[in-house]
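Here's the structure we're looking at; comments come further down.
In this note's numbering, the protein residues as written are 254 to 344.
In structure tokens, the structure reads:
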């Protein structure tokens, strides 16, 4: 999986300049399910790697996905769960 794949899946590109990182500039991607990304989001590895992976952000143990098809399935599954939650709250 590469960064082009992430863009096609709807991930948002994040740029971190060298001044902010304290070392060198880099790029990573995020996929936010809510307006507040702290609630739940996916984050990619940074641009130093030839191939990237996606992990669930802010977990005690890394939950990583290396294949585009797995990330697509994960996004679809989470969206379905969120849609059901919203429907239940409205009833």
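Quick reminder that beta carbons are idealized off the backbone N, C-alpha and C, glycines included.
Quantities reported herein were computed from a predicted structural model and do not represent experimental measurements.
Beta-carbon contacts of residue i that lie in its chain and below 7 Å, excluding the five residues immediately before and after
i           : result
residue 293 : 286, 287
residue 320 : 254
residue 364 : The structure shown has nothing for residue 364, since the chain only spans 254 to 344.
Environment of residue i [buried if 16+ CB atoms lie within 10 Å]
i           : result
residue 297 : buried
residue 282 : buried
residue 284 : buried
residue 289 : exposed
residue 258 : buried
Cβ-Cβ separation, residue j to residue i (assumed contact under 8 Å), whole Å
i           : j           : result
residue 300 : residue 328 : Actually they do not touch by this definition, with Cβ atoms about 21 Å apart.
Chain-order list of residues whose beta-carbon lies under 6 Å from that of residue i (same chain, five-residue window excluded)
i           : result
residue 317 : 306, 308
residue 315 : 308
Close Cβ partners of residue i (< 8 Å) along its chain, the five nearest in sequence each way excluded
i           : result
residue 310 : 283, 290, 293, 294, 295, 296
residue 332 : 286
residue 260 : 266, 282
residue 263 : 284, 328
- Start-end ranges of the beta strand (DSSP E) lying completely within the region 281 to 310, minimum 3 residues: 294 to 297, 307 to 309
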